[in-house]
Amino acid sequence: MYLIKAGMKGKVKEDSVKYRMLLTTGALVASLLLVFSAHARELEYRGEGEIHIRVQPGEPTQVRFPGKIAGGFRKRQSALSLDRKESDLILFSNEGISEEGEALIVRLEDGRSYPVRVQRASEEFPRDPQLRIFDKRSSSIFDEEEEEELAPGESPKFDKKKPNTVSGFMRELVLATEFGKDKIPGYRTTDRYRGETVLNDGTMKATVDRIFVGPSLWGYVIDASNELDVSQRVNPATFRLDGTRAISMTNWELSGKPLNIEQQIAGKHKTKVYVITKAKKK
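Just so we're aligned, residue 10 is where the sequence shown starts under our numbering, counting upward by one.
Structure follows, in structure tokens:
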């Protein structure tokens, strides 16, 4: 029970009105936030290719990953500013961001990692204000051979940093090829077959860049380009070799053959192909 003194009745009524207005405003803001989140673009990552994100210089883009972010990699002279909190990554770009974009690698605490390509927005591909990524894969992905090597009762612990695993090796291939990492521990590099054509069927041409040779896994880095005048989506089965364990690319959708120098420089008709196989028996 409380008392209202004379002269306070008007003030209490005024405070009550302000309180109701705050409640109404708060509910409206919460509603707007829910609607905004509901319109976020959603993408299910299946472990193949890059995640393409469109940004506009000076405007933020929020990317929500399916787990807490532990870290990642980007090139030193970057047009991007990054801020992360829990599972969210906030991207800001300056005017230096191009249509070709920049490659990032985002690594989660549970061991999963994601290759990301951030590109400048356009009329055809507008900015992503928000992007939510789903991943149904287990947080710990092992090859069958790796699972068999676990001791009885031992809990599987996955570390993407280890290049002797398929996913770890794939990550190292990307770092060595696109980010200039000097070498991959436990692997030797051979340029013996560099430039050798492995595919030239009139629709696509592919040549060997280099090969990484390890005791249990081999990694092939291949340069592929579209030979058609129209765009085409690359079928990973095209590059399947005996004993293939994984295939990834920097660009799964290739534009038609370039018609001018600008398109040639943009290189949207080309892609890097990464193929991991079991080691060849000598």
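For every residue, glycine included, the Cβ atom is placed at its ideal position computed from N, Cα and C. Please read these numbers as outputs of a predicted model, since none were measured by experiment.
{"Asked": "For G110 and S90, the rounded distance between their alpha carbons", "Found": "14 Å"}
{"Asked": "CB of L250 within 9 Å of CB of T206, strictly", "Found": "no"}
{"Asked": "Proximity to R203 [Cα-Cα], best of G223, G56, A233 and F188", "Found": "A233"}
{"Asked": "Residues that DSSP places opposite T299 in a beta bridge", "Found": "This structure leaves residue 299 out entirely; the chain is present only between 10 and 291."}
{"Asked": "Assumed close pair V284, W261 - CB separation to whole angstroms, cut-off 8 Å", "Found": "At roughly 14 Å, the Cβ-Cβ gap does not stay under 8 Å, so V284 and W261 are not in contact."}
{"Asked": "Assumed close pair A112, R63 - CB separation to whole angstroms, cut-off 8 Å", "Found": "At roughly 15 Å, the Cβ-Cβ gap does not stay under 8 Å, so A112 and R63 are not in contact."}
{"Asked": "C-beta contact flag for T259 and E187 at 9 Å", "Found": "yes"}
{"Asked": "Span of the alpha helix (DSSP H), counted from its first residue to its last, around V183", "Found": "V175 to E187"}
{"Asked": "Residue burial classification, F134 (beta-carbon count within 10 angstroms, cutoff 16)", "Found": "exposed"}
{"Asked": "Under the three-state DSSP convention, the category P124 falls into", "Found": "strand"}
{"Asked": "Beta strand (DSSP E) segment containing I274, residue limits", "Found": "Element bounds for I274: not the beta strand (DSSP E) but the alpha helix (DSSP H), I270 to A275."}
{"Asked": "Touching by the beta-carbon criterion (3+ pairs, under 8 Å), the stretch 67-76 and the stretch 99-109", "Found": "yes"}
{"Asked": "Those residues which DSSP pairs with R141 across a bridge", "Found": "E51 and R73"}
{"Asked": "I114 classed as buried or exposed, judged by whether at least 16 other C-beta atoms fall within 10 angstroms", "Found": "buried"}
{"Asked": "Cross-strand partners of I60 (DSSP beta bridge)", "Found": "V125"}
{"Asked": "Span of the beta strand (DSSP E) around E111", "Found": "E111 to L117"}
{"Asked": "Outcome for G211 when other beta-carbon atoms lying within 10 angstroms are tallied against a minimum of 16", "Found": "exposed"}
{"Asked": "F221 - DSSP class collapsed to helix/strand/coil", "Found": "strand"}
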